[in-house]
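Protein chains in written order, with my numbering: chain A, 1 to 455; chain B, 1001 to 1455.
Pasting the structure below:
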């Protein structure tokens, strides 16, 4: 494999011969001198190549191979440049039709040409930061003794009733319409009605109670008809699950995890993050560094409510009421005014949380936690799980759940039950948080949402 | 977090106090002494704990917390053991009903209790090797300048017509049956007929032609009604895609990649691999090491056919014929008899390969390659891609494909086209290859196949 531009840029210019392959980003012509910036996507900046003989077809987007000598650059902002000896155009890009010209394009427009947008500065940077964050996720868990578990994508169990589901089928809807008879799911591929998963948590618990520390990192799906900048129908989720652990262990893991991720991108994606700080959201670098330097404040929900109630009557649009979910304005108040940094809220009323969360001795709250960060709000949500069979069955009956459907999940409490805990983090939210990209559709290569499954 | 047993086992026994948390695997009672082996899934072997006071509820599968002193072990095969001071049962496992008793269970039986099988020695080892291999995949690509790209799972494009598809829908089949009118896909979630992906390659190409080196690692799906030990309806696939690269670069990448993976598990999963070598498939360790030490032989398909034709008439059940896919017996002959090691077969007849593979100047063969390894056969398949717009369009027309559907894919050849290449590797095949597990359903936590989507 030829050298990447990011590695060439690290070389000391000593007139050595190098070969650069990439795509032309910009071209300037000055009397007898031509400057092109060649980028291969390996780093934010490309390499400037200069040469003195005119060359046809060297327009933005053309792929080129440049042979030359690496020399110190007289230009600002770059240590080296390439004094080209030969420039070969590999593939042209007709300036009349190539959609990515030098001018800035709206993100809306770029979403329509998602197959080309990674060639832009912004989406190249998003892709690199996303990739580095994903690897950091694996590094963190691997270094800490967690096993990566691939939980199933297609499932016949409805999980936690966590919202609208996509059905997966090989039955032919056209045929069903023609026959006019109800679909026979015994003839469907899996022999029963099947869906795309909304979470790998329950299956991850089965592995945590065998391997002690596990995590999932895979796609999850919500068929919710919400056309917002914060929701996708298909998104990637990270779900660690930890045996022999309680809520305090989980809160420690949460803080260590987020700090590890931020530390990694701050040191490994410096140029890309600087770009986001300058062009996408001013101050984002300082805000990430502040989180890294902070100690996460722990506040039980009930105490948080007291803090919120203390605030002036006109502070909030929605009055904070014990037993209700907090609004974004409440969360912002807690992080920005009360704690001045990240907050882990815990011990929520059981009514607003999932059935599997461990009941506190008060009988009213559960050992849940959400991590709220300034600027974004909730980024991680988790809980200690109910490990007492009788209590869990009681709660499931209260909620009218079918215990037989969950007998495998209940087995974990029947045989060698242990205290355990886990959280979920939407990976795209993390990428948004780190890059400052406002629309979640701009931090995943091919976003899926209502009416949108192109490419 | 408490220490994992794998780390405790590495400590030098100097009578220090340690705490062990895990599940009882075996118990033996000898006069006044009780021995339990406690395993937490962090390593193949657990730790032996000895104590002199009888303790109720200490049966196989029970979860325990043991406090004691780490001391040198008089027993064979372990350096240290725990002289227990206290043993606390956290969660019982009723010996009358707990399905995993000391005796060996058939893999068929364990598939029915897939939620518990990771607690067995075999499936714990499979899970650890799988996890380590997955991380090694990310390490290899990260170290070599590849960006991880999440290609879409749901897609409205039929990809390469690579087999039967699962449809993804929010239309209600019961309602369609009642109404008796054809489904209106404009009212479906994505506004058109949508499916689960069979490959991320085409989308990966869009990122490779922007970032130079990318890879995917995600679930893919085939709705094929094949009830075999080698096929899953849902499986994980790794697909690197490399710009400015030809078939030779790809063959080098293939060899480097597989060797990196084998090297990693051979050094990091020694105990687990030794277990597979002893209990699952004798000789597997030697066979993996032989691949590591080999140089992969490159043979063009046409030359391979000549070798096969040279063999005695009664060597094969199926006569090798130029233009046909090779049978497993042919592949084995090439690896075992001709090359005596891994073989990269290349330059296949275009008729038996996909539309996007680069046509050779002979007009008859394409720049495809398959890596065949002894014992398993094909483990990796890839190709250089057709980067010439006119040739690609011509081939697609020949095959009756809808060019308009693929206009975004063709754009990659229209604007800044570059030579590029990539391969696909089914991750479960790799895990089978490394562990020797005969049935692919035993190397993924929750296998999905015809009639099987439980848990």
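Each residue gets a CB set at the ideal place from its N, CA and C atoms; glycine is no exception.
Proximity test, Cβ basis, 9 Å: residue i and chain B
i	result
residue 322(A)	no
residue 45(A)	no
residue 380(A)	no
residue 1(A)	yes
residue 400(A)	no
residue 391(A)	no
residue 253(A)	yes
Cutoff 9 Å: residue i Cβ touching any chain A Cβ
i	result
residue 1154(B)	yes
residue 1369(B)	no
residue 1409(B)	yes
residue 1352(B)	no
residue 1227(B)	no
residue 973(B)	There is no way to answer for residue 973(B), as the model of chain B reaches only from 1001 to 1455.
residue 1348(B)	no
residue 1092(B)	yes
residue 1084(B)	no
residue 1017(B)	no
residue 1198(B)	no
Assigned secondary structure, residue i (DSSP; H/G/I helix, E/B strand, else coil)
i	result
residue 1033(B)	strand
residue 424(A)	strand
residue 1448(B)	coil
residue 1370(B)	strand
residue 1134(B)	helix
residue 173(A)	helix
residue 1181(B)	coil
residue 270(A)	helix
residue 1386(B)	coil
residue 357(A)	strand
residue 1377(B)	strand
residue 1086(B)	strand
residue 1124(B)	helix
residue 284(A)	helix
residue 155(A)	strand
residue 1418(B)	coil
residue 1147(B)	strand
residue 1278(B)	helix
Contact belief for residue i with residue j at Cβ below 8 Å, rounded distance in angstroms
i	j	result
residue 418(A)	residue 432(A)	Contact doesn't hold; Cβ gap of about 35 Å is too wide.
residue 330(A)	residue 308(A)	6 Å
residue 1234(B)	residue 1215(B)	That pair is no contact at about 20 Å.
residue 177(A)	residue 1118(B)	No, residue 177(A) and residue 1118(B) are not in contact; Cβ-Cβ is about 43 Å, not under 8 Å.
residue 1453(B)	residue 190(A)	4 Å
residue 1059(B)	residue 1004(B)	Actually they do not touch by this definition, with Cβ atoms about 23 Å apart.
residue 1388(B)	residue 1367(B)	The pair is not a contact, with the Cβ atoms about 12 Å apart (cut-off 8 Å).
Through-space distance from residue j to residue i, alpha-carbon basis
i	j	result
residue 1028(B)	residue 154(A)	42 Å
residue 1054(B)	residue 1096(B)	20 Å
residue 394(A)	residue 1270(B)	45 Å
residue 422(A)	residue 212(A)	12 Å
residue 430(A)	residue 321(A)	29 Å
residue 1045(B)	residue 1064(B)	16 Å
residue 323(A)	residue 348(A)	8 Å
residue 332(A)	residue 311(A)	13 Å
residue 1287(B)	residue 1373(B)	10 Å
residue 221(A)	residue 30(A)	53 Å
residue 250(A)	residue 149(A)	19 Å
residue 142(A)	residue 1141(B)	16 Å
residue 1104(B)	residue 411(A)	20 Å
residue 1072(B)	residue 1049(B)	12 Å
residue 1156(B)	residue 193(A)	22 Å
residue 9(A)	residue 267(A)	17 Å
residue 12(A)	residue 1223(B)	54 Å
residue 1017(B)	residue 385(A)	29 Å
Proximity test, residue i beta-carbon vs the ligand NAP heavy atom, cut-off 8 Å
i	result
residue 1182(B)	In terms of ligand content, the structure shown is empty, and the ligand NAP therefore cannot be addressed.
Complete runs of the alpha helix (DSSP H) confined to the stretch 1184 to 1259 of chain B [at least 4 residues]: 1201 to 1211
Inside the stretch 1322 to 1353 of chain B only - alpha helix (DSSP H) runs reaching at least 4 residues: 1328 to 1332
Whole runs of the alpha helix (DSSP H) within the stretch 1017 to 1076 of chain B, excluding any shorter than 4 residues: none
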